[in-house]
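Residue numbers (my numbering), protein chains in the order written: chain F, 1 to 112; chain G, 113 to 224.
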DNA sequence: ATATCATTTAGACACATGTCGAAGCAGGAG
DNA sequence: CTCCTGCTTCGACATGTGTCTAAATGATAT
């Protein structure tokens, strides 16, 4: 990668998005455009060991378990997190590639 | 390519967001979590001269003028674009600081 | 097998959001 | 002034979304 670029601005401001790309990116952005999901993503990513149990997450909110489960599903469907069951508990961890994809959209290329 | 050294991860995955920060960021993200607004932002930012007339934007969509105006207002309220009337036409341009703020959230620190 | 705990699914409901048509404002042109 | 054009605001409507309760599934222990 490392497109030569004039580093003028973020990719989103460099050339017009196609209708298709815009639709795809919007679904990704919708997944993070919610305060609860934003905190969930943040809590999972910053948790020791890189993963967090659902039980840890649920306790941090004033919401019911089904609601948290719903939000986790949205994040997982968007490819932002990945879940795995180990015994009694389910553990989630973030998928950094997808997170970076979001960042790249709005970040001016700092090609060193 | 972005130097992925020392930096472990994006800010959002470094430490848990506070409830307050999450709410604030979510409103910003909601503003861009729509395919039409994503394209509008992209078209304005990549337009020659750094600004675009509403008339140019409206023609690019299969939507009515009120709908485009509504989306522009959402972007402007979020601080992502700034509009100004000059004579007959209204011109919009992006506010790079706000766009960068979004990018920084999801981008691993580039150790420059 | 039964009980119990952790998580997800299903169904329902209130509220937010994207879209439209109609009407209102602002600025030029005749 | 009156018209016309560009853009925004208003009000209404259908659809989408966040939340809940109730019930289902999975896994472990008794």
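Backbone N, C-alpha and C define an ideal beta-carbon position, used for all residues, glycine too. Values in this document were obtained by computation on a predicted structure and should not be read as measured data.
Which partner residues does residue 97 of chain F have in the DSSP bridge list? The partner list for residue 97 of chain F (beta bridge, DSSP) is empty, contrary to what the question assumes.
Across the region 8 to 15 of chain F and the region 206 to 215 of chain G, are there enough close Cβ pairs to call them in contact, namely three or more that are closer than 8 Å? yes
Sorted by chain position, which residues of the same chain lie with C-beta nearer than 6 Å to residue 18 of chain F's C-beta, five sequence neighbours on each side aside? none
Does residue 121 of chain G have its Cβ less than 9 Å from a Cβ in chain F? yes
Chain G contacts made by the region 49 to 82 of chain F, where a contact means CB separation under 7 Å: none
Of all the CB atoms in chain G, is at least one closer than 9 Å to the CB of residue 103 of chain F? yes
Ignore the nearest five residues each way along the sequence and tell me which others in residue 150 of chain G's own chain have a CB closer than 8 Å to its CB. 144
Cβ pair residue 92 of chain F, residue 72 of chain F closer than 9 Å: yes
Just list the residues that DSSP pairs residue 124 of chain G with in beta bridges. None; residue 124 of chain G has no bridge partner.
Under the rule that 16 or more other beta-carbon atoms within 10 Å means buried, what is residue 1 of chain F, buried or exposed? Only weak support is given to the placement of residue 1 of chain F: the predicted model assigns it a pLDDT of 49, under 50, and the value that follows is read from those uncertain coordinates. Per the 10 Å Cβ criterion, exposed.
For residue 195 of chain G, which of helix, strand or coil comes out of DSSP? strand
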